[in-house]
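Before any comments, here is the structure.
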Amino acid sequence: MTSFIKKLILILFVCYLDLRLAAVLSQIYVILPLTFLTYLLYLYKSNNNIGPFESFFTGLFIDLITNTYLGHNAILFCFASYVVNTYVNTFKLFSYLQICIFFGLSSSAFVGFSQLIVNLYNFSYLTLLISTIFNIVFCLLIAIISVYFPGLFGRRI
Amino acid sequence: MARNSPKPSEKIIYFLVILLGILILYTDINTKKFVGIKNNLYSFQISSSFIFNRAIIESFSEFIEIFKSKEKLIIENNLLKDKLEESYLKNYIISKENSFFTDHNSLINSLRENRLNGDFFYAKLRSVDPNMFSCCDKHRLFLEIIDEEDQSFEESVVLNSTGLVGQIIDSKSYQEVMLLTDIKSSIPLIDSTGNFYCNAKGGGKAGYIFCTFSQLVWTEKHEINDPFFSSGLGGIYPKNIKIGHIASINKIDSTSTVLKIELINDPLKDNLFGVLKM
Numbered sequence: 017m018t019s020f021i022k023k024l025i026l027i028l029f030v031c032y033l034d035l036r037l038a039a040v041l042s043q044i045y046v047i048l049p050l051t052f053l054t055y056l057l058y059l060y061k062s063n064n065n066i067g068p069f070e071s072f073f074t075g076l077f078i079d080l081i082t083n084t085y086l087g088h089n090a091i092l093f094c095f096a097s098y099v100v101n102t103y104v105n106t107f108k109l110f111s112y113l114q115i116c117i118f119f120g121l122s123s124s125a126f127v128g129f130s131q132l133i134v135n136l137y138n139f140s141y142l143t144l145l146i147s148t149i150f151n152i153v154f155c156l157l158i159a160i161i162s163v164y165f166p167g168l169f170g171r172r173i
Numbered sequence: 006m007a008r009n010s011p012k013p014s015e016k017i018i019y020f021l022v023i024l025l026g027i028l029i030l031y032t033d034i035n036t037k038k039f040v041g042i043k044n045n046l047y048s049f050q051i052s053s054s055f056i057f058n059r060a061i062i063e064s065f066s067e068f069i070e071i072f073k074s075k076e077k078l079i080i081e082n083n084l085l086k087d088k089l090e091e092s093y094l095k096n097y098i099i100s101k102e103n104s105f106f107t108d109h110n111s112l113i114n115s116l117r118e119n120r121l122n123g124d125f126f127y128a129k130l131r132s133v134d135p136n137m138f139s140c141c142d143k144h145r146l147f148l149e150i151i152d153e154e155d156q157s158f159e160e161s162v163v164l165n166s167t168g169l170v171g172q173i174i175d176s177k178s179y180q181e182v183m184l185l186t187d188i189k190s191s192i193p194l195i196d197s198t199g200n201f202y203c204n205a206k207g208g209g210k211a212g213y214i215f216c217t218f219s220q221l222v223w224t225e226k227h228e229i230n231d232p233f234f235s236s237g238l239g240g241i242y243p244k245n246i247k248i249g250h251i252a253s254i255n256k257i258d259s260t261s262t263v264l265k266i267e268l269i270n271d272p273l274k275d276n277l278f279g280v281l282k283m
């Protein structure tokens, strides 16, 4: 129960942060899907496989609180859960750089799909390209900070 | 704990769940069937945030506002008090204009610039020991000159809205004022007839100074409540400022008499003082 409430509060906080950041970053044609990235990290770091139902309902909850179409985040979270669970052992062979590129590309895929669903008539390749680069750099930065300043994250990512 | 890749049965569940998601998404986009659920959630969000704001944030901010308004009132009250003291001091100076200033225009200009004649400064009380003032020989005040210029204020006259208070004897970080009642203080006085002069000295007693004279030299008769003024002979205090009146006459012997003069000024009354460089 405690862990469920913790997850709920974390989701609400990250969604709030995501909304706030989106307003600022949209001015420079960047979309940073912070909620999705956080969920990817959670899937990657989890000791157990995260099942499809948990991912589905988490996504559905985020759909509800972020005022998007129902199923939008649910599908993508479920798909991300499937991919991470499938390649979780392969990731162990990857370097930080490769994992960061995977995370960055996954988030740009999320951005692309989201744009197709929510914002089809204003779909912008420029935004997608800039967002991809930005997301990869962002993931790299987080990895660098966690490696060189492990105290900030409690432990290395 | 090792994590295994999804088995085929799990993959089917993933596939079905994603399919369900697509179905929900398609239904939501095309039929708007979930609008009711969403609206209920938003109304819950809005009402809960409203209640939260009303119950906690607003009451808390009101609580803070009450404190702030109280602080504001205190600050305003202090400002008004300062202004009132300033106006009292100005009134006193204007009423004694001829004693302090030879030129009427200089007084007007100085009052307009909030500083009198370039040689007059306002000073704030920094410290005073009221116990020392009531009991002991050393009666001192410490003032801080407002808008202080880099100059010495030693031997400047200090006054407040009740009258002359004393003179500055040390001008370092704060101005040390020796009050008229200090045992080392001396002020030349003249009576209302203009024929009697004496040097009144402080006796270390609050509110009184003492004038000792020889009856062989000064034959004038004095009575209780006769007023005394500064004579201006010492070169420090301006002349014709009322200092006090006789409280008692004490004949020590056949030649010496001590006049106990009750001062009209009260150095502890105001926090604002005027410093006049004569």
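Line by line, the protein sequences are chains A and B.
Residues 17 to 173 in the numbering used here are what the first sequence lists, from first letter to last.
Residues 6 to 283 in the numbering used here are what the second sequence lists, from first letter to last.
Backbone N, C-alpha and C define an ideal beta-carbon position, used for all residues, glycine too.
Delimiting residues of the beta strand (DSSP E) encompassing residue i
| i | result |
| --- | --- |
| ASP175 of chain B | 168-176 |
| VAL280 of chain B | 277-281 |
| CYS216 of chain B | 213-219 |
| GLN180 of chain B | 180-184 |
| SER261 of chain B | 261-268 |
| LEU148 of chain B | 145-150 |
Neighbour list for residue i in chain A, Cβ cutoff strictly below 7 Å
| i | result |
| --- | --- |
| GLY26 of chain B | PHE72, GLY87, ALA90, ILE91 and CYS94 |
| ASP295 of chain B | What the structure shows of chain B is the stretch from 6 to 283, and residue 295 of chain B is not part of that stretch, so it cannot be assessed. |
| VAL22 of chain B | PRO68, PHE69, PHE72 and CYS94 |
| ILE5 of chain B | No information on residue 5 of chain B is available, as it lies outside the stretch 6 to 283 that chain B covers here. |
Chain-ordered neighbours of residue i on chain B, where CB pairs are closer than 8 Å
| i | result |
| --- | --- |
| VAL104 of chain A | ARG8 and SER10 |
| LEU57 of chain A | Chain B residues near LEU57 of chain A: none, gap ~15 Å exceeds 8 Å. |
Proximal chain A residues relative to residue i, where beta-carbon distance stays under 8 Å
| i | result |
| --- | --- |
| ILE62 of chain B | Residues of chain A passing the Cβ test: none, with the nearest at roughly 16 Å. |
| ILE80 of chain B | Going along chain A, no residue has its Cβ under 8 Å from ILE80 of chain B, so there is no contact; the nearest lies around 36 Å. |
Residues bridged to residue i [DSSP beta-bridge criterion]
| i | result |
| --- | --- |
| LYS247 of chain B | B:PHE234 |
| PRO193 of chain B | B:ASN204 |
| VAL163 of chain B | B:GLY171 and B:VAL280 |
| ASN255 of chain B | B:VAL263 |
Chain-ordered neighbours of residue i on chain A, where CB pairs are closer than 9 Å
| i | result |
| --- | --- |
| ILE18 of chain B | GLY67, PRO68 and PHE69 |
Range of the contiguous alpha helix (DSSP H) that encloses residue i
| i | result |
| --- | --- |
| ALA38 of chain A | 18-41 |
| ALA125 of chain A | 112-134 |
| ILE161 of chain A | 141-164 |
| TYR58 of chain A | 50-61 |
| LEU130 of chain B | Where LEU130 of chain B is concerned, there is no enclosing alpha helix (DSSP H), although the beta strand (DSSP E) it sits in stretches over 125-133. |
| ASP79 of chain A | 68-82 |
| CYS94 of chain A | 88-103 |
7 Å Cβ cut-off: residues of chain B touching residue i
| i | result |
| --- | --- |
| TYR98 of chain A | PRO11 and TYR19 |
Under 9 Å from the C-beta of residue i: neighbouring residues of chain B
| i | result |
| --- | --- |
| LEU157 of chain A | Those within 9 Å of LEU157 of chain A in chain B number zero; the least Cβ separation is about 27 Å. |
Worksheet item: At a Cβ cut of 9 Å, what residues of the region 110-131 of chain A count as close to chain B, listed as they run along the chain?
Response: none
Worksheet item: In the region 129-150 of chain A, which residues sit with their C-beta less than 8 Å from some C-beta in chain B, listed in chain order?
Response: ILE133
Discussion item. Give me the subset of the region 22-52 of chain A whose CB atoms are less than 9 Å from a CB atom of chain B, sorted by chain position.
Written reply: none
Discussion item. Closer than 9 Å between beta carbons: that is the criterion. Which residues of the region 38-57 of chain B meet it against chain A?
Written reply: PHE39, ILE42, LYS43, LEU46, TYR47 and GLN50
Discussion item. To test your reading of the DSSP string, which unbroken alpha helix (DSSP H) runs of 4 or more residues are found completely within the region 14-63 of chain B?
Written reply: 40-57
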